[in-house]
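This report refers to the structure that appears directly beneath it.
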Amino acid sequence: MACNPGRSARGRSNPIPAREHFLQMIRAGEPLPDCCTWAQREFLLPDEPWQLPGFTPQAYHQLALKLPPCTDIKSKVHRQLVHPWKDEAEHTWGFHTWLDVGRLPATFPSRPDRPYDSNVWRWLTDSRAHCRPPAEPGIPPPSWMGRNSLLTFISCTPIFLDENRKKQVIFRTVKELEEVKKLKLRSEARAPPLDTNGNILPPKNFKK
1 MACNPGRSAR GRSNPIPARE HFLQMIRAGE PLPDCCTWAQ REFLLPDEPW QLPGFTPQAY
61 HQLALKLPPC TDIKSKVHRQ LVHPWKDEAE HTWGFHTWLD VGRLPATFPS RPDRPYDSNV
121 WRWLTDSRAH CRPPAEPGIP PPSWMGRNSL LTFISCTPIF LDENRKKQVI FRTVKELEEV
181 KKLKLRSEAR APPLDTNGNI LPPKNFKK
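Encoded structure:
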């Protein structure tokens with residue numbers, strides 16, 4: 001295979017001028033050029049400011065990057081998110097009255113209004129509720145369930161063909177009722193019953 005004499009001669013003569021240039025710099029005592037990294041050769045340096053011609057940023061462009069001012073509502077919301085246990089809202093007396101009435105036995109009128117006016121329950125917290133129109137949509141009158149609960153209906157009515165399935169539904173219903181009792185106790189712990197002086201009333205079975 002014949003080789004190209006011009007190509008081989010040119011290939012051997014290329015590095016000679018570069019080597020002579022570096023030898024002259026070493027003999028003259030000049031510092032060698034700083035070696036840049038691969039990232040500096042391939043990418044633009046982020047700390048070097050550069051601008052596109054004709055698109056110089058103006059002062060009003062900073063308004064789009066500026067955050068909105070902090071208001072009192074924002075500071076309160078941020079403080080509530082960081083420290084939710086501080087500055088808790090106190091319950092009003094109307095709220096406590098509504099809770100106390102809810103602990104009393106249910107009262108059912110012999111002839112309830114049709115349509116049933118639910119605003120009567122708002123009189124506890126709003127003195128002008130009787131002047132307002134009934135709530136929409138209409139709320140049906142209350143019903144007296146007594147012992148006719150969902151658990152009694154499931155236990156006594158033959159709606160299940162599989163006995164194991166019936167036991168599973170009863171077990172799940174009992175578990176939900178226990179969870180309701182726990183939630184009720186937690187609600188009473190957040191807003192316990194108070195007497196006329198504002199003191200917390202002890203439980204029924206409490207003994208000193």
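Position one of the sequence shown corresponds to residue 1 (full-length UniProt numbering), numbered consecutively onward.
Where a beta carbon is used, it is the ideal one built from N, C-alpha and C, also for glycine.
Length of the line joining the Cα atoms of residue i and residue j
i: proline 203; j: aspartate 162; result: 43 Å
i: leucine 177; j: histidine 96; result: 25 Å
i: leucine 151; j: lysine 184; result: 19 Å
i: lysine 74; j: threonine 92; result: 25 Å
i: proline 69; j: valine 174; result: 53 Å
i: arginine 12; j: glutamate 20; result: Residue confidence is low: arginine 12 scores 49 on pLDDT, short of 50, so the model does not pin down where it sits. Its coordinate-derived value is still stated next. The straight-line gap from Cα to Cα measures roughly 14 Å.
i: proline 192; j: arginine 128; result: 27 Å
i: glycine 198; j: glutamate 179; result: 30 Å
i: lysine 76; j: proline 84; result: 11 Å
i: isoleucine 159; j: glycine 146; result: 21 Å
i: aspartate 195; j: arginine 79; result: 33 Å
i: residue 289; j: aspartate 72; result: This structure cannot speak to residue 289, because the chain is shown only from 1 to 208.
i: threonine 157; j: proline 105; result: 28 Å
i: lysine 181; j: phenylalanine 206; result: 19 Å
i: leucine 67; j: threonine 37; result: 38 Å
i: tryptophan 98; j: arginine 132; result: 19 Å
i: glutamine 62; j: threonine 56; result: 12 Å
i: asparagine 164; j: serine 149; result: 21 Å
i: glutamine 58; j: leucine 23; result: 51 Å
i: valine 169; j: lysine 208; result: 42 Å
i: lysine 166; j: phenylalanine 153; result: 12 Å
i: tyrosine 60; j: aspartate 100; result: 59 Å
Reduced DSSP secondary structure (H/G/I, E/B, other) of residue i
i: isoleucine 159; result: coil
i: leucine 104; result: coil
i: leucine 67; result: coil
i: leucine 201; result: coil
i: glutamine 168; result: helix
i: leucine 23; result: helix
i: glycine 6; result: Note on glycine 6: pLDDT 47, under 50, position unreliable in the model; the coordinate value appears next. Helix.
Closest Cα partner of residue i within the set the options
i: phenylalanine 171; options: Lys182, Lys181, Ser155; result: Ser155
i: isoleucine 200; options: Thr157, Ala189, Phe160; result: Ala189
i: serine 187; options: Gln24, Gly102, Asn164, Leu65; result: Gly102
Residue span of the alpha helix (DSSP H) that contains residue i, given as start and end
i: lysine 74; result: 72-82
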